[in-house]
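So the structure is just underneath, and the comments pick up after that.
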Amino acid sequence: MDADLARTFLMVASCGSFLEASERLHLTQSTVSMRIKRLEDEFGLALFVRGRNGARLTQAGQRLHKHATELLHTINRAHEDLGDTEDFRLTLNVGARFGIWESFLSDAMARIERTMPGIALRSSVGFEDDLTERISNARLDCAFMYTPENRGGMTIEKIVDEELVLARSSDLNAERALRLEGLVHTDWGPDFARAFTALHPDAPRPFLSASIGWLSLRHVLLNGGCGYFPRRIVNAHVRSGAMTIMEDAPSFPLPVYAVLPGRQGRTKCSEAALSLVAACKDAVQDG
Numbered sequence: 005m006d007a008d009l010a011r012t013f014l015m016v017a018s019c020g021s022f023l024e025a026s027e028r029l030h031l032t033q034s035t036v037s038m039r040i041k042r043l044e045d046e047f048g049l050a051l052f053v054r055g056r057n058g059a060r061l062t063q064a065g066q067r068l069h070k071h072a073t074e075l076l077h078t079i080n081r082a083h084e085d086l087g088d089t090e091d092f093r094l095t096l097n098v099g100a101r102f103g104i105w106e107s108f109l110s111d112a113m114a115r116i117e118r119t120m121p122g123i124a125l126r127s128s129v130g131f132e133d134d135l136t137e138r139i140s141n142a143r144l145d146c147a148f149m150y151t152p153e154n155r156g157g158m159t160i161e162k163i164v165d166e167e168l169v170l171a172r173s174s175d176l177n178a179e180r181a182l183r184l185e186g187l188v189h190t191d192w193g194p195d196f197a198r199a200f201t202a203l204h205p206d207a208p209r210p211f212l213s214a215s216i217g218w219l220s221l222r223h224v225l226l227n228g229g230c231g232y233f234p235r236r237i238v239n240a241h242v243r244s245g246a247m248t249i250m251e252d253a254p255s256f257p258l259p260v261y262a263v264l265p266g267r268q269g270r271t272k273c274s275e276a277a278l279s280l281v282a283a284c285k286d287a288v289q290d291g
């Protein structure tokens, strides 16, 4: 598996769509499909389940995800060690849940780019277990997540209390939304799952469940329905008239945390990571 195949695989997994991955990679959709087929032929396993709602990883694809991430990380580190980033004095490796990138982290990274031009930024997407493991192994300098686990004296700092609100598409009436008809469920972590179940023990079984909020939101926008999403992300769709927030429905807190290595594990990138944490707080306040 070479770097181009790994990068394409991870982009499709992140986007949940061959078309969107091709747009982000500036490739044709046929090229993306060909690369995924090469991987599937190489391992003799299907890596994605394709459907009208996009593409999701199979069990084999989920196992490959870790190896593809490690491969790209190794290649990136090799480039750094060999002077590929000699124009920069530091390389900051940052990982986060997808929804956090969309909410405020991308804006914070842009602020760091403007204010600290000597920093090269490398970004990635992951879930709590993976992000925490990469912090532990010094493969990330900073990670942003919803439910952090403190391993070995890590530094954990709350960034913001996001609010999960029930939002419906414009073609779903309010009464049906309040009954959670057409619900698309998103895994926002165990705290949300417990609170939601306690409040809605008889909620209808959702047609679609997703581990990435972007996939759930995209489905609602394209196909109609409702779901719980961060207010910060939904606001843009409310302004466009595509969605409505059900203010009468219960909302749920969704704290976002920054996780950094403990003091003994700090590196020369620690100062830049702390600056990124501060930039995130500024982006939240301004947004």
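Sequential numbering from 5 applies to the sequence shown in my numbering. Positions of the beta carbon are idealized from the N, C-alpha and C atoms, including for glycine.
Over what stretch of residues does the alpha helix (DSSP H) that includes residue i continue unbroken?
i	result
Leu278	274-290
Ile216	Careful: Ile216 lies outside any alpha helix (DSSP H) and carries neither H nor E.
Leu29	22-29
Arg11	7-19
Thr35	33-47
Ala253	Where Ala253 is concerned, there is no enclosing alpha helix (DSSP H), given that its DSSP letter is neither H nor E.
What residues in its chain sit with their C-beta under 6 Å from that of residue i, if we drop five residues either side in the sequence?
i	result
Arg236	Ser107
Asp286	none
Leu31	none
Cys273	Leu94, Leu96, Asp145
Give the DSSP bridge partners of residue i, in chain order.
i	result
Lys162	Tyr261
Asn97	Arg126
Cys230	Arg172, Leu187
Glu137	DSSP lists no partner for Glu137.
Arg60	Val53
Glu74	For Glu74, which the question treats as bridged, DSSP gives no partner whatsoever.
With a threshold of 8 Å between beta-carbons, can residue i be considered close to chain B, or not?
i	result
Ser279	Among the chains in the structure shown there is no chain B, since it carries only a single protein chain.
Just confirm the distance between the C-beta atoms of residue i and residue j, as a whole number of angstroms; I'd bet it's less than 8 Å.
i	j	result
Ile116	Leu109	No, Ile116 and Leu109 are not in contact; Cβ-Cβ is about 10 Å, not under 8 Å.
Val188	Ser220	5 Å
Phe52	Arg42	Not quite, the Cβ-Cβ distance comes to about 13 Å (not below 8 Å), so this is no contact.
Go ahead and label residue i buried or exposed: buried means 16 or more other beta carbons lie within 10 angstroms of its beta carbon, across all protein chains shown.
i	result
Leu144	buried
Glu166	buried
Gly217	buried
Ser128	buried
Leu68	buried
Leu264	buried
In chain order, what residues of the same chain have a beta carbon less than 8 Å from the beta carbon of residue i, not counting five sequence neighbours either side?
i	result
Met247	Ala171, Arg172, Ser173, Ser174, Val224, Leu225, Val238, His241
Gly130	Thr73, Gly99, Ala100, Arg101, Arg138, Ala147
Gly193	Glu132, Tyr150, Thr151, Leu258
Ser26	Thr32, Gln33, Thr35, Val36
Excluding the 5 residues preceding and the 5 following residue i in the sequence, name in chain order all residues of the same chain whose CB lies nearer than 7 Å to its CB.
i	result
Asp195	Thr151
Glu161	Tyr261, Ala262, Val281
At what residues does the beta strand (DSSP E) containing residue i begin and finish?
i	result
Thr248	247-249
Ala147	146-149
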